[in-house]
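Okay, so here's the structure we're looking at.
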Amino acid sequence: MPILQVKQLEKKFGTLEVLQGIDFSLDQGESLAIIGSSGSGKTTLLRCLNFLERPDGGTITVNGQLIFDASDPSTQHESDIRKKRLHFGLVFQNFNLFPQYTALQNVVLAPKLIAKERSDFGADKKGILNGIEEKGRAILEQVGLSDKLNAYPHMLSGGQQQRVAIARALAMEPDILCFDEPTSALDPELTGEVLKVIRSLASRNTTMVIVTHEMDFARSVADRVIFMDEGAIVEQGHPEEVFGNPQKERTRQFLLRYSESN
Amino acid sequence: MTLQLPVIVERLSDSFLLNGKLFALTLIFSLPLGLIVAFGSMSRFRLISVPVRAFVWIIRGTPLMLQLIIIFLGPGLMNLPFYWPAGSTGRFVAATVAFIINYACYFSEIFRGGIQSIPSGQYEAGAVLGMTKAQIFFKVTLLQVIKRIMPPTGNEIITLVKDTSLARIISVKEIIMMAGEYTNRGLIWPLFATGIYFLVFVGILTLLLGYIERKLEYFKA
């Protein structure tokens, strides 16, 4: 059973159909790269999965549980959506770290707030909060920032900030981690350190959806690639198939344009 | 009325306490009220936002001096079943209410600007981490808003210090009204001396506001 199943997902902004019936599924531990030109709907798709946009049509199923059905308002209660979001993590293009908190505080803020809702929180406050801090430190170490625990975002480089953002998303233990062009806002010499972290997550079989313009990275890291154009999936398959032997003309053109611009 | 220096200084100081009290009460109540008004004017529901914005327009669009008079005299003139307490207490309470309403409206516009200047990415980052709207406001955006609005808020607070003397229009015996009594008897220096009280008070506030701004310099937003 796939961990994520998206069926006929549609999203309109006014009369503009940004997503026109997206179908795909994702297996546990799989990393999926979504490529396509700007305006093809890649980012909107991620935002729909994270409920930052409400789809106008289609369903989203996680672990066999239907969590969103555009035709069924009972799946769209505001209070439930908060919980359903936690199936997904999202790393933004612009990091969106909280500037008034240190790297570690950024990572542990949300887990601590969630922990306070636990019924057993009162019994062992200290233990639970210390556990979260411990885990936060471990995750920051995992992304290579054990020496930056107490640094504020403005003291960090873009690459370091994005790694904190990845750690912050990981700390929530999402079923599916989404990346929205994680290196697009970075100087070229800083993309490597972020891609390295994502690569290591892939090698640990983290389930991921990565929207990216880094074709070489998508080709080498992803288990599967989706090429989107004008709000629809044009082609999908193993990276070697999509990159090496694209079946659709539009995919070929896109890849050609891409290789020319590099 | 004695014209001895120590007596005059004592009476001026006592009356300036009234300015201070009016200042403190206005600040304590108008800051939170201003936040509520700000949320009202940003409401998605036009039934709320339109009247709130109209109210802010009226308060900001008319002189505070006029508002003092209307709030003090209005209930009696309109035969409302409500009167301010008799004597100087009633005048002071009426003045305080007028100041709170007036400053809440000014603060609300500063707050609205500050809240709307926070990038949407901050809200979205909180949302995808499963935070509630209240948690996002209090744990994520509030301190960033406070940092951004400190300079204009400080400005408004300093203006408030001097505005308190407007309360004399409804015979609240604040420092300038007190000094005026000496002027009427041919002694002009007490009126000039009131400036020193305002200067010292504003000086202390300026230091305090600067301290808070420096405290918030540890992060950039």
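In the order they appear, the protein sequences are chains A and B. Counting in the numbering used here, the first sequence runs from 545 upward without gaps. Counting in the numbering used here, the second sequence runs from 1297 upward without gaps. All residues carry an ideal CB built from backbone N, CA and C; glycine is no exception.
Using a Cβ-Cβ cut-off of 8 Å, Asn-607 (chain A) does not count as an interface residue toward chain B, since no Cβ of chain B sits closer than that to its own. Close CB contacts of Gln-572 (chain A) within its chain, under the 7 Å cut and outside five residues either way in sequence, are with Ile-547 and Thr-751 (chain order).
The beta-carbon of Met-1427 (chain B) is placed less than 8 Å from the nearest beta-carbon of chain A. Distance from the CA of Met-1446 (chain B) to the CA of Phe-1395 (chain B), rounded to the nearest whole angstrom, comes to 20 Å. Linking Leu-1487 (chain B) to Gly-1476 (chain B) through their CA atoms gives a straight-line distance of about 6 Å. If the five residues before and after Leu-648 (chain A) are omitted, its C-beta is found closer than 8 Å to the C-beta atoms of Glu-677, Gly-680, Arg-681, Leu-684, Leu-693 and Asn-694, all from its own chain and listed in chain order. Runs of beta strand (DSSP E) with 3 or more residues, each lying fully within the segment 641–715 of chain A, are absent.
Taking Phe-771 (chain A) as reference, the option from A:Met-545, A:Asp-567, A:Ile-579 and A:Ser-728 with the minimal CA-CA separation is A:Ile-579. Given a length threshold of 3 residues, the segment 1303–1371 of chain B has no whole run of the beta strand (DSSP E) inside it. Under the DSSP assignment, Leu-1505 (chain B) falls in the alpha helix (DSSP H) whose first and last residues are 1485–1511. Out of B:Gly-1383, B:Ala-1382, B:Ser-1404 and B:Glu-1420, the CA that lies nearest to the CA of Phe-642 (chain A) is found in B:Glu-1420. By the CB criterion at 8 Å, Leu-745 (chain A) and Gly-703 (chain A) fall outside the cutoff. Under DSSP, Val-1424 (chain B) takes part in no beta bridge, so it has no partner.
In the structure shown, Val-606 (chain A) adopts extended strand secondary structure according to DSSP, grouped into three states.
The beta carbon of Ser-584 (chain A) is closer than 6 Å to those of Met-772 and Asp-773 in its chain, skipping five residues each way along the sequence.
One finds Leu-1425, Gly-1426 and Met-1427 in chain B with Cβ atoms closer than 7 Å to the Cβ of Ala-654 (chain A), taken in chain order. Sequence-ordered contacts of the segment 1455–1470 of chain B with chain A are nonexistent [C-beta pairs closer than 8 Å]. In this model, Ser-1337 (chain B) and Ala-1400 (chain B) are separated by some 12 Å (Cα to Cα). Residue environment: Ala-667 (chain A) is assigned as exposed (fewer than 16 neighbouring CB atoms within 10 Å of its CB, all protein chains considered). Val-1348 (chain B) and Val-635 (chain A) have their alpha carbons spaced roughly 38 Å apart. Using a Cβ distance threshold of 8 Å, Tyr-696 (chain A) and Thr-756 (chain A) do not count as a contacting pair. From the beta-carbon of Ile-658 (chain A), the residues of chain B found nearer than 8 Å are Gly-1426. Any Cβ of chain B closer than 8 Å to the Cβ of Gly-703 (chain A) would place that residue at the interface, and such an atom is absent.
Listed along chain B, no residue sits closer than 9 Å to His-621 (chain A) by beta-carbon distance, the nearest being about 14 Å off. Under a criterion of Cβ atoms nearer than 8 Å, the residues of chain A adjacent to Ala-1517 (chain B) are, in order, Pro-643 and Gln-644.
For Gly-633 (chain A), the neighbours in chain B by C-beta distance under 8 Å run, in chain order, Val-1424. Separation of Thr-1385 (chain B) and Leu-657 (chain A) (C-alpha to C-alpha, rounded to the nearest whole angstrom) is 47 Å. When secondary structure is reduced to three states using DSSP, Asp-760 (chain A) falls in the helix class. Contact of Leu-700 (chain A) with chain B is not assigned, every C-beta pair being separated by 8 Å or more.
The Cβ atoms of Ala-762 (chain A) and Val-769 (chain A) lie closer than 8 Å to each other. Interface residue (Cβ-Cβ distance to chain B less than 8 Å): Phe-636 (chain A) is classified as such. DSSP lists no bridge partner for Gly-558 (chain A).
In this structure the segment 621–633 of chain A touches the segment 717–733 of chain A; the number of beta carbon pairs closer than 8 Å is three or more. For Val-769 (chain A), no alpha helix (DSSP H) segment is defined; the enclosing uninterrupted segment is the beta strand (DSSP E) at 768–773. Interface with chain A (8 Å Cβ-Cβ cutoff): Val-1441 (chain B) is excluded. For Gln-1431 (chain B), the residues of chain A that pass the 7 Å Cβ criterion are Leu-657, in the order they occur in the chain.
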